[in-house]
């Protein structure tokens, strides 16, 4: 049953609000797709699959997608399209007591944009260095004045050395900050400048830039898929990826990881989707948009895993063959064999035969245990997957410069399109403030956001900067998302009213709201998020981080350290600060209501006595 006339509250909003709109539907879809598809699709999802059971991880991931991700995604888009406001304005209109939700989303978007742009700066640094001949991470430094650097590099891989020593110049402790690294400051400034130029006019400029930043990565990713599948050992990596480990279903950490990954992957609770949807026409079918964008995002994560695991399989094969070559040299030397009598192809058969003939000699030869499964199990977490594993493999590819340029330009485009959504959510909310809109233009507002974020982000350009990126990602980019999302669902369902909200959605989509959405918003999604939050609190381990240890024998060795007390306090602040605005907003509104009633009693004492 279709509604021919809009509900009164929706009709009033559309009649009174004069708002810019997207040039076309494609612009909106590409902007949302660019917002949700980012670094997490390229390295966080494959990493979680590698850690939590390969193909088995897809089951908790898909359950979280269906019952948590898509319903909340649909909810946010519907809110923005109905009320035609940014996050702060929308939640204030739903209920003045929920105004703090908008401030929480704005604060969270700003905090995440700080460290997200630093990762973008690292990508930019690798991109501009991809034009050097040869690639700077493909060889060890040859400086007679500092022979210890060459020695250090020779005991690890050249990509490890370039990342830790040259790019980050990393310290051994989070408390050892050191000076600002000028090359990182320059790259951070360049990244924020590009973001500013692309968001200077709001959706008018974002809508133009998004055609490149959203489509180009798909083309490059497809090239990597084709090339990755052709690499020797790619099959081993893909088998490893798709082979499920059933014991994962009893691992609570896997379910927790799946739930949080969906939230971060779909960019929920940042306010960006509310802002983007507020520029849609009134009768846009936001239900189809939510399902389509969420499915594209998840398929992209799985699609991106193909080249990742192909390359991991290639790298594991190379490491396995290098291990065998080392053993072959030892056997040839110890048994005085001729060169070529043992090869990688016949190693197992030759070893078994020689072990029967010369068991005592082979027993004293220190042969390494070469197991390709062991090399596949060696996880490369997040950032290390891009800046260590991929760069190492690229150096072994023919035409390595071209592949390196394409890879890092793809990453830069992905990160840039995600930042558009974060900055747009902040910008839309600030422009809707009367004080800001009266005195500042869009250009000035965007400039203030980018300049202030750049200034605060300078802490990431210190020698300890990578530790702070890890801290921000762990504390600001996880739990606050779930808490804000939980109160979003509760606010719409139990404060605004589910029936009223469904009437608005039914008018926009021109179809009745399905029972699944109602059940998800009212029961399933909040229960699932509450369960995840409780599980996080119960399973949360002491706050530790992996510090770099200059152990020349095992460079780059990682030493697990406890955060100092003041760092723990900072991390807790990162997690609590955005969420704190939710109760503060309600308390502020309650105080205003009480004060207003008292003022009315003073101004109209006779009326108040009659009411009594």
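In full-length UniProt numbering, the protein residues as written are 1 to 612. Each residue gets a CB set at the ideal place from its N, CA and C atoms; glycine is no exception.
- By the Cβ rule, the region 88-103 does not count as touching the region 282-290, because fewer than three pairs are nearer than 8 Å.
- It is roughly 37 Å from the alpha-carbon of residue 547 to the alpha-carbon of residue 67.
- In this structure the region 266-277 lies against the region 413-427, because at least three pairs of beta carbons, one per stretch, are closer than 8 Å.
- Counting C-beta atoms within 10 angstroms of its own C-beta, residue 504 has 16 or more neighbours from the protein chains shown and is therefore classed as buried.
- Setting aside the 5 residues that flank it on each side, residue 571 is surrounded in the same chain by 471, 474, 475, 543 and 563, each with a C-beta closer than 8 Å to its C-beta; the list follows chain order.
- Within the region 174-240, the complete alpha helix (DSSP H) segments at least 4 residues long are 182-199 and 203-230, listed from N- to C-terminus.
- 335 is the residue among 387, 596, 335 and 385 whose C-alpha sits nearest the C-alpha of residue 365.
- Using a Cβ distance threshold of 7 Å, residue 421 and residue 241 do not count as a contacting pair.
- Nearest Cα to residue 486 within the set 265, 526 and 479: 526.
- For residue 547, the pairing in a beta bridge is given by DSSP as 559.
- For residue 134, the closest of 61, 495 and 402 by C-alpha to C-alpha distance is 402.
- Apart from the 5 residues on each side of it in sequence, residue 264 sits with its Cβ closer than 7 Å to the Cβ of 40, 477 and 481 in its chain, given in chain order.
- Taking C-beta atoms under 8 Å as the contact rule, residue 383 and residue 119 qualify, at a distance of about 7 Å.
- For the 7 Å CB-CB criterion, residue 163 and residue 385 do not form a contact.
- Within the region 457-497, complete beta strand (DSSP E) segments of at least 3 residues are not found at all.
- The continuous alpha helix (DSSP H) containing residue 80 extends over residues 70-83.
- The alpha carbon of residue 122 has as its nearest neighbour, out of 411, 65 and 369, the alpha carbon of 411.
- With fewer than 16 other Cβ atoms inside 10 Å of its own Cβ, residue 494 counts as exposed.
- Three or more Cβ pairs drawn from the region 106-114 and the region 440-459 lie within less than 8 Å of each other, which places the two stretches in contact.
- Bounds of the alpha helix (DSSP H) holding residue 287 are 286-335.
- According to the DSSP assignment, residue 526 belongs to the alpha helix (DSSP H) that extends over 525-539.
- Boundaries of the alpha helix (DSSP H) harbouring residue 590: 565-603, taken from the DSSP string.
- Nearest to residue 310 by C-alpha distance, out of 227, 586 and 432, is 227.
- A Cβ-Cβ contact shorter than 7 Å links residue 585 with residue 100.
- DSSP places residue 22 in the coil class of the three-state scheme, outside both helix and strand.
- The Cβ atoms of residue 462 and residue 178 lie closer than 7 Å to each other.
- In the DSSP assignment, residue 123 falls within the alpha helix (DSSP H) that extends over 99-129.
- If you look at residue 161, you'll find it in the alpha helix (DSSP H) that goes 158-161.
- The three-state reading of DSSP puts residue 49 in helix, counting H, G and I together.
- Taking C-beta separations shorter than 6 Å and ignoring five residues to either side along the sequence, the partners of residue 200 in its chain run 443 and 446, following chain order.
- Apart from the 5 residues on each side of it in sequence, residue 342 sits with its Cβ closer than 7 Å to the Cβ of 328, 331, 332 and 350 in its chain, given in chain order.
- In this structure, the alpha-carbon of residue 62 lies about 14 Å from that of residue 528.
- The three-state reading of DSSP puts residue 425 in helix, counting H, G and I together.
- DSSP places residue 273 inside the alpha helix (DSSP H), whose first and last residues are 272-277.
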